[in-house]
Amino acid sequence: MTYSGGRFMKKSLGLLALLMVFLVAVVGCGSAEAENKDLTLDKFIKAYQDAGVEVDPEEKPKLQSTEAIDGVLFYVDKQKVAIYEYESSKDIEGEIAIFDVMKDWPRNGLFILETKN
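If you read the sequence shown in my numbering, its first letter stands for residue 24, the second for the next number, and so on.
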């Protein structure tokens, strides 16, 4: 990795932008459970891996949440990214009522993304 000319930073920002565009496209397609029955945590992991992000499916976030049934933790440019999976939209809404910070996190069906990127 070289930092000359900001090349590394441009590549990192480009990868981050690509990931965010992908996530927004997926999230923007609707959040109704019926529309997203085919989404799985494995599909999210594969999408990030296909974009060149190293994701270990066995690395789980310490679920601050009480309702999340699964999740994965990884890093993009040294920034934490966590995806949480819930059993129902009602469970997600309950978590958002408890953890106000979650209301701004991107959401798709039964999944919610925690990141500062």
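We put the CB at the ideal spot given by N, CA and C, even for glycine. Small disclaimer: the values here were computed from a predicted structure and weren't measured.
- Contact between the stretch 117 to 124 and the stretch 94 to 106 is absent, with fewer than three C-beta pairs closer than 8 angstroms.
- By the CB criterion at 8 angstroms, I68 and V78 fall inside the cutoff.
- Under the 10 Å beta carbon count, G94 is surrounded by 16 or more other beta carbons and is classified as buried.
- The three-state reading of DSSP puts Y109 in coil, since its state is none of H, G, I, E or B.
- Residue Y109 holds the alpha-carbon nearest to the alpha-carbon of E90 among Y109, Q102 and D73.
- Less than 8 angstroms divides the Cβ of I106 from the Cβ of L136.
- With a 10 Å radius around the Cβ and a threshold of 16 neighbouring Cβ atoms, G132 comes out buried.
- Between K103 and T138, the CB-CB gap stays under 8 angstroms.
- Secondary structure note for L136: its beta strand (DSSP E) is the uninterrupted segment F134 to T138.
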